[in-house]
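Undergrad: Here's a structure for you.
2 protein chains.
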Amino acid sequence: MLRVITKELTPMSDEKTEYTISDLAKEFEITSRSIRHYEDEKLITPTRRGVHRIYSARDRVRLQLILRGKRLGFSLAEIKEIIDLYGVEGEQRQTERLLELINVRRESLKQQLKDIKYLLNEFDVLEEKLTSEHQAK
Amino acid sequence: MLRVITKELTPMSDEKTEYTISDLAKEFEITSRSIRHYEDEKLITPTRRGVHRIYSARDRVRLQLILRGKRLGFSLAEIKEIIDLYGVEGEQRQTERLLELINVRRESLKQQLKDIKYLLNEFDVLEEKLTSEHQAK
DNA sequence: TTCGAAGTTTACGTTTGCGTAAAGGTAAGC
DNA sequence: GCTTACCTTTACGCAAACGTAAACTTCGAA
């Protein structure tokens, strides 16, 4: 039987405001261990209710960012650097560093874009070749 | 002073036909160690002239494939599986397995495509915000 | 033929990103 | 107040992808 989280503070609210670690683990299909690991690496810092971790909507977004970064092949350290800079507002040196990082990333992402388009096309061609050949038997 | 490889066998040929390990290392900006590692993992098998490795144009292409795979976040084992299947012609079971793999990859690649487009857009927005804010000072 | 740059094998070391117990604490529902 | 699902910390383990050092060998140029 499923345990009910914590009674909604805003009873008829549309958007959840709090999540347990396993809520997020299930939603994003990862393990709780991974989420705790991201915390160890200072990528996310949920609040605590006693000893238990409580994740806000903002925390959830951060987790999404982390996973997106991972899918793109960034290391946790790189993701942390970007996310951290992301939050800083108006500090000049930080801003320039972030712009610098963005442009490096942009080049790398554009290359990946090319790679992916190339591969998807290769796959299309190959699949057609294979299936027609398959039919021919 | 740079050492000259082996005298071109086809003197006025347009395309090189042979490469040393450091030729490829330089061209693709990786270490020789990495290339040897790919060989250890059976991803590439250059011929030998005595004890030295000699890479053909085909080997060079394989290396390109490996690096492209890496940029897309595939493991060497995955890259090997794809490359290996790639070469097989006409064998039914292999063909079906390859189609299966392709379709799994395709989904993952499409997700990455989304991620990249999303991020590139985010970067554009963020850069604009940062530079305008920067100007405003 | 001697030198030096580049190549070779062998093998242990390192980082990253979690997996996986172990050993227990907490709270909702009966 | 007891059960039970879920949470916690601590810590060792492990595979992947090379780095790096050691100790040669090879070969083209001088």
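As they're listed, the protein sequences go chains U and B. Those letters in the first sequence? Residues 0 to 136, by numbering that gives the first Met the number 0. Those letters in the second sequence? Residues 0 to 136, by numbering that gives the first Met the number 0. Glycine included, C-beta positions come from ideal geometry on N, C-alpha and C.
Can you confirm whether Q110 of chain U, when its beta carbon is compared against all beta carbons of chain B, has any partner nearer than 8 Å?
TA: yes
Undergrad: Quick one: what does DSSP say I29 of chain U is sitting in, helix, strand or coil?
TA: I29 of chain U falls in the coil class under three-state DSSP.
Undergrad: List the endpoints of the continuous alpha helix (DSSP H) containing I65 of chain B.
TA: A56 to R70
Undergrad: I82 of chain B by DSSP, collapsed to three states: which one?
TA: In the structure shown, I82 of chain B falls within a helical segment according to DSSP collapsed to helix, strand and coil.
Undergrad: Residues of the stretch 69 to 80 of chain B with a CB closer than 8 Å to any CB of chain U: list them in chain order, please.
TA: Answer in chain order: R70, L71 and G72.
Undergrad: Report the neighbours of I115 of chain U on chain B: residues whose CB is nearer than 9 Å to its CB, in chain order.
TA: L71, L108, K109, Q111, L112 and I115
Undergrad: For Y18 of chain U, write down the residues that DSSP places opposite it in a beta bridge.
TA: Under DSSP, the beta-bridge partners assigned to Y18 of chain U are U:Y54.
Undergrad: From the beta carbon of K6 of chain B, is the nearest beta carbon of chain U less than 8 Å away?
TA: Confidence at K6 of chain B is low in this model, with a pLDDT of 43, below 50, so the placement of that residue should be treated as unreliable; the coordinate-derived value is given next. Not an interface residue.
Undergrad: Check the Cβ-Cβ distances between I53 of chain U and every residue of chain B, and say whether any is below 8 Å.
TA: Not a single C-beta of chain B is nearer than 8 Å to the C-beta of I53 of chain U.
Undergrad: Can you list, in chain order, the residues of its chain whose CB lies under 8 Å from that of I65 of chain B, leaving out five sequence neighbours each side?
TA: Y37, L42, I43, L75, I78 and I82
Undergrad: Straight-line CA distance for N102 of chain U to F122 of chain B?
TA: 8 Å
Undergrad: If we cut at 8 Å on Cβ distances, does F122 of chain U have a partner in chain B?
TA: yes
Undergrad: Would a C-beta distance cut-off of 8 Å place L108 of chain B and L119 of chain U closer than the cut-off?
TA: Between L108 of chain B and L119 of chain U, the gap from beta carbon to beta carbon is short of 8 Å.
Undergrad: Taking the beta carbon of V3 of chain B as the centre, do at least 16 other beta carbons fall within 10 Å, making it buried, or is it exposed?
TA: Because the pLDDT of V3 of chain B is 47, which lies under 50, any placement of that residue in the model is unreliable, and the question is left without a value.
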